[in-house]
Amino acid sequence: MNDQQSYYETMYILRPDIAEDEVTNHIDKYNKLLEEFGGTILDSQMRGKRRLAYQISKHREGIYVQLSHQGDGQHIFKIEKAMRLSEDVMRYLTVKQEGPLPAPRSSTKSSTQADDKTNQESKVESKEKQPIVSEDTSTSGKDDIETKENSDT
Numbered sequence: 582m583n584d585q586q587s588y589y590e591t592m593y594i595l596r597p598d599i600a601e602d603e604v605t606n607h608i609d610k611y612n613k614l615l616e617e618f619g620g621t622i623l624d625s626q627m628r629g630k631r632r633l634a635y636q637i638s639k640h641r642e643g644i645y646v647q648l649s650h651q652g653d654g655q656h657i658f659k660i661e662k663a664m665r666l667s668e669d670v671m672r673y674l675t676v677k678q679e680g681p682l683p684a685p686r687s688s689t690k691s692s693t694q695a696d697d698k699t700n701q702e703s704k705v706e707s708k709e710k711q712p713i714v715s716e717d718t719s720t721s722g723k724d725d726i727e728t729k730e731n732s733d734t
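In my numbering, the protein residues as written are 582 to 734.
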């Protein structure tokens with residue numbers, strides 16, 4: 582099988598003044614719509630609130646969401662139409678990607694913080710498990726003395 586598969590990435594920007602639970606509802610809504618229209622979700626991530634390059638509808642910031650999905654291409658028109666009709670979606674863009682499929686990650690901030698904590702703990706554990714290399718001359722000195730004694734006899 583070929584490693585280079587095609588998939589789609591849709592990035593959309595939500596209004597910054599909506600509540601966090603409403604952002605989660607939007608993400609779930611578009612994920613369900615995508616599956617209803619025949620697409621397969623590979624990864625869905627909320628990238629967080631970021632400053633825009635220019636004002637959009639009097640907003641200087643937006644909540645970015647990245648959605649990686651596969652399908653026959655017919656589902657894109659339908660999902661983009663739903664985004665176009667929503668007042669909470671300021672911009673959206675879908676790009677066809679070629680390459681290895683993205684590895685799914687968690688999409689909530691709390692789980693990414695938990696992942697960061699786990700990664701920090703694993704780094705500490707890996708440092709503890711590494712062998713400590715130090716120059717201990719006491720053992721090498723004994724070996725030298727023993728070899729001299731053996732060579733003398």
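For each residue, glycine too, the CB sits at the ideal point set by N, CA and C.
| Asked | Found |
| --- | --- |
| Of the residues 654, 607, 673, 670, which one's Cα is nearest the Cα of residue 618? | 654 |
| In this structure, what does DSSP give as the bridge partners for residue 647? | 592, 626 |
| I need the boundaries of the beta strand (DSSP E) containing residue 614, first residue and last residue. | It is not in any beta strand (DSSP E) - residue 614 instead sits in the alpha helix (DSSP H) that spans 601-617. |
| Between which two residues does the alpha helix (DSSP H) harbouring residue 659 extend? | 655-666 |
| Across the segment 659-666 and the segment 621-639, are there enough close Cβ pairs to call them in contact, namely three or more that are closer than 8 Å? | no |
| Pull up the distance between the alpha-carbon of residue 582 and that of residue 640, whole angstroms please. | With a pLDDT of 40 at residue 582, under the threshold of 50, the modelled position of this residue cannot be trusted; read the value that follows with caution. Cα to Cα, the separation comes out at about 46 Å. |
| Quick one, which of 587, 586, 610, 588 has its alpha-carbon nearest residue 646's? | 610 |
| Among 635, 616, 612, 638, which residue has its Cα nearest to the Cα of residue 592? | 612 |
| Would you grab the beta carbon distance between residue 589 and residue 670 for me? Rounded to a whole angstrom, and I think it's under 8 Å. | About 17 Å; that fails the 8 Å criterion. |
| I need the DSSP call for residue 684, collapsed to helix, strand or coil. | coil |
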